[in-house]
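*Asks:* Pasting a structure here, questions to come.
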């Protein structure tokens with residue numbers, strides 16, 4: 001089994017939308033059926049300015065000369081993307097195991113309006129600067145069966161490479177002592193606190209808003 005991490009354009013993601021949503025539902029431990037309510041939202045996000053998505057695929061090895069399976073997802077990603085960077089060439093047998101996407105943040109969007117007012121209240125002019133030019137990392141998920149192999153880091157690195165924005169922002173649920181894979185990934189990738197214990201309207205959970213400057217080193 002080899003790994004391909006590739007940018008995936010909207011027309012192709014639309015054909016595999018429910019496959020990507022199955023990864024989302026399983027990674028988030030949501031009940032089955034949630035994917036149906038999320039599908040229209042994900043489809044609308046694809047129309048937003050600066051939208052970009054990256055997907056990870058497991059590709060079955062097929063005979064002599066096929067790629068050797070590896071647990072080093074970063075190495076596999078480098079090899080696979082060098083050989084096949086065209087998402088239209090993804091084999092039909094490839095299994096989607098990771099998805100990440102985002103778009104240029106703007107005051108017209110609900111997430112921005114919620115976060116912008118809170119950042120402005122806590123950081124004043126510096127908060128306004130933080131929100132002036134950013135890429136909103138909206139979703140990043142890896143199927144539970146594929147976690148712990150570096151796929152999340154490969155997705156994030158590929159998604160954030162070459163962006164025009166000066167920083168990236170995201171929100172993630174608070175967890176005790178930041179002890180889950182998402183938090184560990186964000187910290188390894190240099191994300192720092194923007195807001196902590198923040199609550200979005202209509203959600204009783206506490207969230208952190210994290211950010212880091214771009215480009216990546």
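In UniProt numbering, the protein residues as written are 1 to 217.
We put the CB at the ideal spot given by N, CA and C, even for glycine.
Using the beta-carbon count (16 or more within 10 Å), is residue 155 buried or exposed?
*Replies:* When all chains shown are included, residue 155 counts as buried.
*Asks:* Counting C-beta neighbours from all protein chains within 10 Å, is the total for residue 21 16 or more, i.e. buried, or is it exposed?
*Replies:* By the 10 Å Cβ count, residue 21 comes out buried.
*Asks:* Which runs of the beta strand (DSSP E) spanning at least 3 residues fall entirely within the stretch 153 to 185, listed in chain order?
*Replies:* Runs of the beta strand (DSSP E) inside the stretch 153 to 185: 167 to 173.
*Asks:* From residue 204 to residue 143, what distance separates their C-alpha atoms?
*Replies:* Near 26 Å, if we compare the C-alpha coordinates of residue 143 and residue 204.
*Asks:* When you compare only the Cα positions, how much space is there between residue 19 and residue 119?
*Replies:* Spanning the two alpha carbons is a distance of roughly 35 Å.
*Asks:* Thinking C-alpha only, which one of 17, 10, 23 and 136 is nearest residue 145?
*Replies:* Taking only the C-alpha atoms, the option nearest residue 145 is 23.
*Asks:* Mapping the DSSP letters down to three states, classify residue 29 as helix, strand or coil.
*Replies:* Correct three-state label for residue 29: coil.
*Asks:* Hey, how far is the Cα of residue 208 from the Cα of residue 196?
*Replies:* Roughly 4 Å separates the two Cα atoms.
*Asks:* Since residue 199 contacts residue 193 with CB under 8 Å, what's their CB separation in whole angstroms?
*Replies:* So it is not a contact: roughly 16 Å between Cβ atoms.
*Asks:* If you check the beta carbons only, do residue 214 and residue 160 fall under 8 Å apart?
*Replies:* Yes, these two residues count as a Cβ contact at 8 Å.
*Asks:* Where do the ends of the alpha helix (DSSP H) carrying residue 37 lie?
*Replies:* 34 to 45 is the span of the alpha helix (DSSP H), which, as asked, contains residue 37.
*Asks:* In angstroms, rounded to a whole number, what distance separates the CA positions of residue 103 and residue 183?
*Replies:* Approximately 21 Å, taken between the alpha carbons.
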